[in-house]
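> Mapping of the sequence shown onto our numbering: residues 3 to 105, in sequence order.
We put the CB at the ideal spot given by N, CA and C, even for glycine.
Predicted, not measured: the structure shown is a model, and the values here were computed from it.
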Amino acid sequence: MWDHKIARSGMKISPFMRLAVVHNETVVIGDASKKKKRPARTKANTNPDIQKTNFLLAAISRNMNQIAHRLNSDNLMGLVTPASYAAVLDELHSISARIKAQM
3 MWDHKIARSG MKISPFMRLA VVHNETVVIG DASKKKKRPA RTKANTNPDI QKTNFLLAAI
63 SRNMNQIAHR LNSDNLMGLV TPASYAAVLD ELHSISARIK AQM
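#1: Between PRO50 and LEU21, what straight-line distance do the alpha-carbon atoms span, to the nearest angstrom?
#2: Looking only at its chain, what residues have a beta carbon closer than 6 Å to the beta carbon of LEU73, apart from the 5 residues adjacent to it on each side?
#3: Can you tell me the Cα-Cα spacing of MET66 and ALA99, whole angstroms?
#4: Can you tell me whether DSSP reads LEU94 as helix, strand or coil?
#5: Pick out the complete alpha helix (DSSP H) segments inside the stretch 50-100, 4 residues or longer, and give them in chain order.
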């Protein structure tokens with residue numbers, strides 16, 4: 003779509019895109035105000051122990067995900083030995099299994 007418009011304009015890509023952004027004309031089709039809205043979140047259980055547990059599980063999950071992403075990217079760059087990769091991955095799986103077993 004853009005290639006055709008850029009070719010027809012006779013301009014280079016950067017000036018064309020800059021001009022397109024500066025003089026942006028947005029056409030709205032439909033009516034977003036009639037779109038179904040997601041219901042507001044409510045706390046299903048106000049028990050402080052459950053809230054604390056949910057918070058901790060979410061934090062653990064985020065940390066595990068960060069470790070997994072870093073491990074994968076470092077592995078792709080050749081910064082991790084296959085043995086180290088397997089050991090960390092096994093530990094992540096082990097932690098995940100222990101958490102699931104408690105649920």
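Straight from the coordinates:
#1: For the pair PRO50 and LEU21, the Cα-to-Cα distance works out to about 55 Å.
#2: VAL90
#3: 13 Å
#4: helix
#5: 50-78
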